[in-house]
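Below: the structure, in structure tokens.
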């Protein structure tokens, strides 16, 4: 009798665990279901205010008067050679992560933008890369922005994407600083401008309601960042909070 009771207890526990696992939903935001059209990009010119993918809502601000945008776009551009504003949508890697076709390009206009989750999510990965425009400008400089490192390569320049996770109550949890270029080392051989997709685990923040993005650079003047404030995003993976 005692043995039967123990077996029943174990069975109940296994069934309970199974139910818990069934409620766990994996979210992958890889943008592959989105269609950038013949232009190869979507920038919010229809004043939609943003776009959805997976469990995420990506805010977009479009200014029809100036035909300009900020926040998030999505793209299939692959140009790794053109280093000016006509190539604002391309990742310097030449594709999305893992050679995927579609990814998001983020542009910071001076005001942080928020990626919102429809349901709280524990993010185990977000991948980011330099845009070709930013990469080439940091490498060579242009009429508006300096060459990183300066003439002799010793200037301690840096360029980073800052991610601030928001808890379920909407308050900041953790700030993650992803250096997409870093020339601060005393050893110049360690200086770099990132040319790959970089994966960041945000799960330490727990279940979050969103991520606030902004870009910072050592090359900043009275009117803001001189370095083109673009970064590319792909493959946001996470676990959606189970429903009790």
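In this note's numbering, the protein residues as written are 1061 to 1304. Where a beta carbon is used, it is the ideal one built from N, C-alpha and C, also for glycine.
{"Item": "Measuring only the C-alpha atoms, how far is residue 1124 from residue 1105?", "Value": "7 Å"}
{"Item": "Under 7 Å between the Cβ atoms of residue 1187 and residue 1261?", "Value": "no"}
{"Item": "Looking only at DSSP bridge pairs, what is residue 1303 linked to?", "Value": "Residue 1303 pairs with nothing; no bridge assigned."}
{"Item": "Are at least three pairs of beta-carbons, each pair with one atom in the stretch 1082 to 1091 and one in the stretch 1238 to 1252, less than 8 Å apart?", "Value": "no"}
{"Item": "In the stretch 1207 to 1234, which residue ranges form an unbroken beta strand (DSSP E) of at least 3 residues, counting only runs that do not cross its ends?", "Value": "1218 to 1227"}
{"Item": "Could you check which residue in 1277, 1224 and 1259 has the C-alpha nearest to that of residue 1270?", "Value": "1224"}
{"Item": "At what residues does the beta strand (DSSP E) containing residue 1134 begin and finish?", "Value": "1128 to 1135"}
{"Item": "Out of 1157, 1145, 1163 and 1127, point me to the one whose CA is closest to residue 1113's CA.", "Value": "1163"}
{"Item": "Jot down the residue ranges of each uninterrupted alpha helix (DSSP H) in the stretch 1156 to 1216, minimum 4 residues, whole runs only, in chain order.", "Value": "1192 to 1200"}
{"Item": "DSSP puts residue 1117 in a beta bridge; with which residues?", "Value": "1112 and 1176"}
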